[in-house]
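Let me begin by presenting the structure, written as structure tokens, before commenting on it.
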Amino acid sequence: MLELFSRTIVPDSALPQEVWERLNPFHLLDSADPLLWWREGNWMVGRGRLLTLQFSGSDRFSDAASTWADLSSHVTSAVSASVQHVSESSNVIAQARVRAFSSFAFADESPTSSVIIVPELLVGHKDGQFWATRVWAAEDKAVEAHELELQVKTLAAAEIAPLPDPGIVLTASPQIREDHERAVAQALDLISRNQLSKVVLARTASAPAGEAFDARSVLANLARTYPTCWVYAVDGFFGASPETLVEVHSGHLHTRVLAGTQPRTSGDQIPVVSLMTDAKERNEHEFAVRSVVDVLDECATGSTVDGPKVLELPNVWHLATDITATLREADLLDVVGKLHPTAAVAGVPRTAALDAISALEIEDRGRYAGPVGWLDSSDDGEWAVGIRSAQLRGNTVTAWAGGGIVEGSVPADEFEETEAKLAPIRDALAE
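By my numbering, the letter at position 256 of the sequence shown is numbered 250, and the numbering carries on one by one without gaps.
Okay, here's the thing in structure tokens:
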């Protein structure tokens, strides 16, 4: 198995805090291959690929879990900081672990690969603490602290030029609308015949990106407009997700379920009463919560459910429920695989919903609504549901949006809901 080494530095006398504060995460990104995880001013940026692992098929999660466990058992990490400084910063030791960015395809049969990417350089900021980690393989030359300090100092001193405006207009043809509304009607027929309780149907909007496309601008736009969302970029897949699939830190688990949505218009007041009392929205939400709780009952203890409540975003209102628990002995990727897909992005019952998605949706989802996030060599990590997202393939950007179909859904309204959910990506691309 490949043996990896890492070295981590943090602010100290050789590289003081004021140097680190000049780092801008969006300008740090590699424009050709951005690797980003960002929320509320906490961020990680990866530069260069040391290792790219690919998985596919129905065993992609278990294969990835096994591979990552083997790799993690062959990691040697070092922190270049004074003992006093390390003891004063509870984050330092955790940040020294080898971390990887990851994105998984939604469907077992998808031709899109699932990836785990270990960057050569990881620069991050969390709760006021900066750090940088370099990773290398056993056969490579070891990285000394002064070499890493010079690399960070060079990045901090680089001139920050304005990022180019993307100027991309996503379009959905009348045919896409017709196809989506037809699919919703067919799903309602399945529900009326008791073959389904709920199914989530998605559709696309796309645009040519051009050779000069720079995702850094889009990601900066998303972070500015949706600061409470997970803003991510992994292997050309990017977006701003409001939905936490699972976070695990030292065995403490948190997940957030979003299901039940109302589009926003200018001047809207928080629709607490209408969302909380709407039978269709509550029914959709409760399906999603139950699907997550059932999984956590298998791999965690002490589950606590907080919700539903109304979550306000610039483009929509959501019903949201937070769930916390303590993870039993289980690999994080195994938990991710068990949780995916939740009823919030697939439906109930799961197998029948997935069959309906495969039959009714025009295009393969790729990584849309699949798990996206990061994990480290001690099995901590943060994962979002890959919604409010788009994929760059060649010179084309394709975005997805979906909605839950239950008894009482109206095809035309469901299309308008997908329009509202496309707003984050559409606006970020157009600015």
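Virtual Cβ for every residue (Gly too), placed ideally from N, Cα, C.
Exposed or buried, residue i, counting other C-beta atoms within 10 Å across all chains shown (16 or more means buried)?
i: Trp14; result: buried
i: Asp121; result: exposed
i: His140; result: exposed
i: Lys415; result: buried
i: His279; result: buried
i: Glu355; result: buried
i: Arg16; result: exposed
i: Lys192; result: buried
i: Thr127; result: buried
i: Val137; result: buried
i: Pro10; result: exposed
i: Ser0; result: buried
i: Gln89; result: buried
i: Ser108; result: buried
i: Thr412; result: buried
i: Glu12; result: exposed
i: Glu(-3); result: exposed
i: Asp229; result: buried
i: Glu306; result: exposed
i: Gly398; result: buried
i: Ser403; result: buried
i: Pro113; result: buried
i: Ser285; result: buried
i: Ser97; result: buried
i: Glu408; result: buried
i: Arg91; result: buried
i: Ala432; result: No answer is possible for residue 432: the residues shown for the chain start at -5 and end at 425.
In whole angstroms, what separates the C-alpha of residue i from that of residue j?
i: Leu386; j: Leu313; result: 30 angstroms
i: Leu252; j: Met(-5); result: 39 angstroms
i: Phe95; j: Ala395; result: 23 angstroms
i: Phe281; j: Arg258; result: 23 angstroms
i: Leu116; j: Gly360; result: 26 angstroms
i: Glu275; j: Gly254; result: 4 angstroms
i: Val212; j: Arg187; result: 43 angstroms
i: Ala434; j: Val310; result: Residue 434 lies beyond the range of the chain shown here (-5 to 425); nothing can be said about it.
i: His174; j: Glu410; result: 11 angstroms
i: Ala338; j: Asn18; result: 34 angstroms
i: Lys303; j: Pro418; result: 22 angstroms
i: Glu103; j: Ala8; result: 51 angstroms
i: Asn36; j: Gln145; result: 21 angstroms
i: Thr390; j: Ala203; result: 5 angstroms
i: Phe20; j: Arg210; result: 6 angstroms
i: Val366; j: Ser235; result: 9 angstroms
i: Ala177; j: Gly301; result: 31 angstroms
i: Glu133; j: Ser71; result: 16 angstroms
i: Arg420; j: Asp291; result: 38 angstroms
i: Asp208; j: Ile162; result: 11 angstroms
i: Thr298; j: Lys147; result: 45 angstroms
i: Leu423; j: Arg41; result: 23 angstroms
i: Ala347; j: Gly296; result: 29 angstroms
i: Ser60; j: Pro105; result: 22 angstroms
i: His119; j: Leu23; result: 14 angstroms
i: Glu172; j: Lys135; result: 58 angstroms
i: Asn215; j: Pro343; result: 37 angstroms
i: Thr345; j: Ile351; result: 10 angstroms
i: Gly233; j: Gln48; result: 21 angstroms
i: Val39; j: Pro28; result: 8 angstroms
i: Val379; j: Leu44; result: 25 angstroms
i: Ala268; j: Gln256; result: The question names Ala, but residue 268 in the sequence shown is Ser. The alpha-carbon atoms of Ser268 and Gln256 are separated by roughly 9 angstroms.
i: Thr46; j: Asp272; result: 45 angstroms
i: Ala294; j: Val287; result: 10 angstroms
i: Ala181; j: Pro168; result: 20 angstroms
i: Gln123; j: Glu401; result: 49 angstroms
How many whole angstroms separate the CB atoms of residue i and residue j, which I take to be in contact at a CB cut-off of 8 angstroms?
i: Val69; j: Thr2; result: Not a contact, Cβ separation roughly 12 angstroms.
i: Thr320; j: Gly245; result: 6 angstroms
i: Gly364; j: Phe100; result: 4 angstroms
i: Pro160; j: Glu425; result: 7 angstroms
i: Val4; j: Trp125; result: 5 angstroms
i: Ile110; j: Ala58; result: 6 angstroms
(message) With three or more beta-carbon pairs closer than 8 angstroms as the criterion, would you say the segment 366 to 377 touches the segment 314 to 332?
(response) In short, these stretches touch, since the Cβ pair count reaches three.
(request) For the segment 231 to 247 and the segment 326 to 345, state whether three or more C-beta atom pairs, one from each stretch, are separated by less than 8 angstroms. (result) Counting C-beta pairs closer than 8 angstroms gives three or more between the segment 231 to 247 and the segment 326 to 345, which meets the contact rule.
(request) Kindly confirm or deny that the segment 194 to 211 and the segment 140 to 153 touch, where touching means at least three C-beta pairs closer than 8 angstroms. (result) The segment 194 to 211 makes no contact with the segment 140 to 153, as fewer than three CB pairs between them are under 8 angstroms.
(message) When you compare the segment 27 to 36 with the segment 223 to 238, are there three or more beta-carbon pairs, one atom per stretch, that lie closer than 8 angstroms?
(response) Using a Cβ-Cβ distance cut-off of 8 angstroms, the segment 27 to 36 and the segment 223 to 238 are in contact, since at least three pairs of beta carbons, one from each stretch, lie closer than that value.
(request) Return the chain-ordered ranges of every alpha helix (DSSP H) run that is complete within the segment 224 to 284 and spans a minimum of 4 residues. (result) With a minimum length of 4 residues, the unbroken runs of alpha helix (DSSP H) contained wholly in the segment 224 to 284 fall at 266 to 271.
(request) Taking only runs that begin and end inside the segment 82 to 167, name each unbroken beta strand (DSSP E) of 3 or more residues, in chain order. (result) List check, beta strand (DSSP E) in window: 93 to 97, 108 to 120 and 123 to 131.
(request) Counting only runs of 3+ residues fully inside the segment 274 to 335, write out the beta strand (DSSP E) ranges in chain order. (result) Runs found: 294 to 306 and 310 to 321.
(request) Ignoring anything shorter than 3 residues or poking outside the segment 31 to 68, list the beta strand (DSSP E) runs there in chain order. (result) The qualifying runs are 36 to 49.
(request) Run through the segment 342 to 384 for me and flag every whole alpha helix (DSSP H) of 4 or more residues, listed as ranges in chain order. (result) With a minimum length of 4 residues, the continuous alpha helix (DSSP H) runs that stay inside the segment 342 to 384 are 344 to 354.
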